[in-house]
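Everything below concerns the one structure shown next.
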Amino acid sequence: MEESDPTEDEAFAVWCAHLTAIREEAAEAGATARLERDVARVRAGGSALTAYRKWRSADEPGTWRSWSDPPGAGVAGLPGPSPVKPTGAGAYRCPVTRCDRRAARDEQGHVPTCAAFDIPMTPAR
Numbered sequence: 101m102e103e104s105d106p107t108e109d110e111a112f113a114v115w116c117a118h119l120t121a122i123r124e125e126a127a128e129a130g131a132t133a134r135l136e137r138d139v140a141r142v143r144a145g146g147s148a149l150t151a152y153r154k155w156r157s158a159d160e161p162g163t164w165r166s167w168s169d170p171p172g173a174g175v176a177g178l179p180g181p182s183p184v185k186p187t188g189a190g191a192y193r194c195p196v197t198r199c200d201r202r203a204a205r206d207e208q209g210h211v212p213t214c215a216a217f218d219i220p221m222t223p224a225r
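For the sequence shown, the working numbering assigns the number 101 to the initial residue and increments by one for each residue that follows.
In structure tokens:
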């Protein structure tokens, strides 16, 4: 593992927190099928760190790998600063206890969703 790589739990939390945005970018880049194969692998117990490394560019911190042709025409990856550390705040946790991510209800009061598994998060106890 590289020095700047997150732990498996941290990578899973980043993956879950940013999966909606990653899907949007993958759709724009024409990489939806490729992304969904990685999503299925992670859901089946595969390494979120491997998916993180695949979608995160190794070239420069803060940049994301492009899956489009020609290079640079579209970007699919984990947006925002990396890695995202769990804050410990919030009333909901990972529903499958795969990561330490915590989240609160949104402004409309909706229960947060685990994007990695497409299910509501579980109240933290």
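Glycine included, each C-beta is placed from N, C-alpha and C at the ideal position. Just so you know, these numbers come straight off a predicted model, no measurement behind them.
For residue i, the nearest candidate out of the options (CA to CA)
i: Ala111; options: Arg153, Arg202, Arg123; result: Arg153
i: Pro195; options: Pro212, Thr132, Ala127, Arg134; result: Pro212
i: Thr132; options: Cys214, Leu119, Glu108; result: Leu119
i: Pro106; options: Arg225, Arg156, Gln208, Arg141; result: Arg156
i: Cys214; options: Arg225, Arg198, Glu207; result: Arg198
Bridge-paired residues (DSSP) for residue i
i: Arg202; result: Arg193
i: Glu220; result: It should be pointed out that residue 220 corresponds to Pro in this sequence rather than to Glu. Pro220 pairs with Thr213.
Secondary structure of residue i, DSSP reduced to three states
i: Pro170; result: Because the pLDDT of Pro170 is 47, which lies under 50, any placement of that residue in the model is unreliable, and the number read from its coordinates should be weighed accordingly. Reduced to three states, the DSSP call for Pro170 is coil.
i: Arg123; result: helix
i: Thr227; result: Given that the chain is displayed from residue 101 to residue 225, the structure contains no residue 227 and the question cannot be resolved.
i: Arg225; result: coil
i: Ala131; result: coil
i: Asp105; result: coil
i: Ala243; result: With the chain covering only 101 through 225, there is no way to say anything about residue 243.
Buried/exposed call for residue i, threshold 16 Cβ in 10 Å
i: Arg201; result: buried
i: Ile219; result: exposed
i: Arg193; result: buried
i: Ala125; result: At residue 125 the sequence reads Glu, which differs from the Ala that was named. When all chains shown are included, Glu125 counts as buried.
i: Pro223; result: exposed
i: Asp138; result: buried
Chain D contact for residue i (CB, 9 Å cutoff)
i: Pro212; result: The chain inventory of the structure shown lacks chain D, comprising one protein chain alone.
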